[in-house]
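Student: Submitted below is the structure of interest, expressed as structure tokens.
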Amino acid sequence: MPHHTIPLLRSCTRILAGTVVAAGMLLNAPAALGDPLSDAIGALIGQLGAAATGQPGQPLPTPRGPGTAIVVLGYGLEPDGRMRPELVQRLEAGFVQAVISPQSPVIVTGGNPRGGVTEADAMARWLIERGIAPERIHVEPAAADTRENAANSAVLMRAIGTGDAVLVTSADHMPRATGIFADAGIPVIGTLTPDGLPPLLLAPFGPAA
């Protein structure tokens, strides 16, 4: 096969993947126009198309089903309970995974309350404000560290009937977190970090704040 056909094949593959993901978003979009999730889906579809044609080196997230939990790990809050940019970035990545996997439950895990708010409570509120259905979100508000994130998430996953997980955290935290979750008996079938997404997919959110 001539070497010049490889980029073309790669681009075609990414265009197809982007089309499939976009179609999945449309099929699961809310009927009402103008709500936060509809707006975000519209923006993400445009970004997916651009990513599919313009960034051949980075994979698109893989859609998952109801047996897979999307587990987003917390990060320390500001003293007044506001989320730090690193946690917002984790949530942005988790949101993308949640949108393309509309049947997957979402677990937000993190305690360490500040200003009367736990990490998990702040994370759940952020996702709900952007249109993720509250019934999809499972709050684990007690974990004080990554080992407790894993142990408590394992209990919650069994309770809701999921058998494996996509883990969402920061890139520098992922190797340690993946090992700890494996030790807790959670099959991690996918990982997602803000750095691992094509930047265009995160563009609808703007700068983390």
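Read left to right, the sequence shown gives residues -22 to -1, 1 to 187 (mature numbering (1 follows the signal peptide of the UniProt record, and there is no 0)). Idealized CB from N, CA, C, for every residue including glycine. Remember, predicted model here, so these are calculated numbers, not experimental data.
Check each candidate in Ala111, Asp58, Ala71 and Thr156 and name the one with the smallest Cα separation from proline 91.
Tutor: Each of Ala111, Asp58, Ala71 and Thr156 was checked against the Cα of proline 91, and the nearest Cα belongs to Asp58.
Student: Is the beta carbon of leucine 69 sitting closer than 9 Å to the one on valine 95?
Tutor: no
Student: Could you tell me whether the stretch 143 to 158 touches the stretch 106 to 121, using the rule of 3 or more Cβ pairs below 8 Å?
Tutor: no
Student: Counting C-beta neighbours from all protein chains within 10 Å, is the total for valine 133 16 or more, i.e. buried, or is it exposed?
Tutor: Valine 133 should be labelled exposed.
Student: Of the choices Arg103, Val77, Ile158 and Pro44, whose alpha-carbon is the least far from that of threonine 147?
Tutor: Among Arg103, Val77, Ile158 and Pro44, the Cα nearest to that of threonine 147 is on Ile158.
Student: Quick one: measure Cβ to Cβ for histidine 116 and isoleucine 167, integer angstroms, because I've assumed they're closer than 8 Å.
Tutor: About 18 Å; that fails the 8 Å criterion.
Student: Looking at arginine 154 and alanine 100, is the spacing between their C-beta atoms short of 9 Å?
Tutor: no
Student: Applying the criterion that 16 or more other CB atoms from any shown protein chain within 10 Å of the CB defines a buried residue, is leucine 175 buried or exposed?
Tutor: buried
Student: Exposed or buried, alanine 9, counting other C-beta atoms within 10 Å across all chains shown (16 or more means buried)?
Tutor: Reliability fails at alanine 9, whose pLDDT of 40 lies under 50, so the model's placement of it is uncertain and no value is given.
Student: Return the chain-ordered list of same chain residues with a C-beta closer than 8 Å to the C-beta of proline 83, the five sequence neighbours on each side being excluded.
Tutor: Excluding residues within five positions, the ones whose Cβ falls inside 8 Å are Pro44, Ala47, Ile48, Arg114, Ile115, His116, Ile138 and Thr140.
Student: With a Cβ-Cβ cutoff of 9 Å, do serine 131 and threonine 87 count as a contact?
Tutor: yes
Student: Nearest CA to the CA of alanine 98: which residue from Thr156, Pro41, Val77 and Glu126?
Tutor: Glu126
Student: Tell me the DSSP bridge mates of valine 49?
Tutor: Valine 49 pairs with Ile85 and Leu145.
Student: Between glycine 89 and the rest of its own chain, which residues show a CB-CB distance below 6 Å, the 5 nearest in sequence each way excluded?
Tutor: Thr96, Pro119, Ala120, Ala121 and Ala122
Student: Taking glycine 163 as the reference, give the member of Arg136, Pro63 and Met152 with the closest Cα.
Tutor: If we check each option's Cα against that of glycine 163, Arg136 comes out closest.
Student: Can you give the Cα-Cα distance for histidine 151 and glycine 52, rounded to whole angstroms?
Tutor: Approximately 11 Å, taken between the alpha carbons.
Student: Just verifying my parser: in three-state terms, what is the DSSP assignment at glutamate 118?
Tutor: strand
Student: How big is the Cα-Cα spacing for glycine 93 and glycine 72?
Tutor: 24 Å
Student: Can you give me the start and stop residues for the beta strand (DSSP E) that glycine 168 sits inside?
Tutor: 166 to 170
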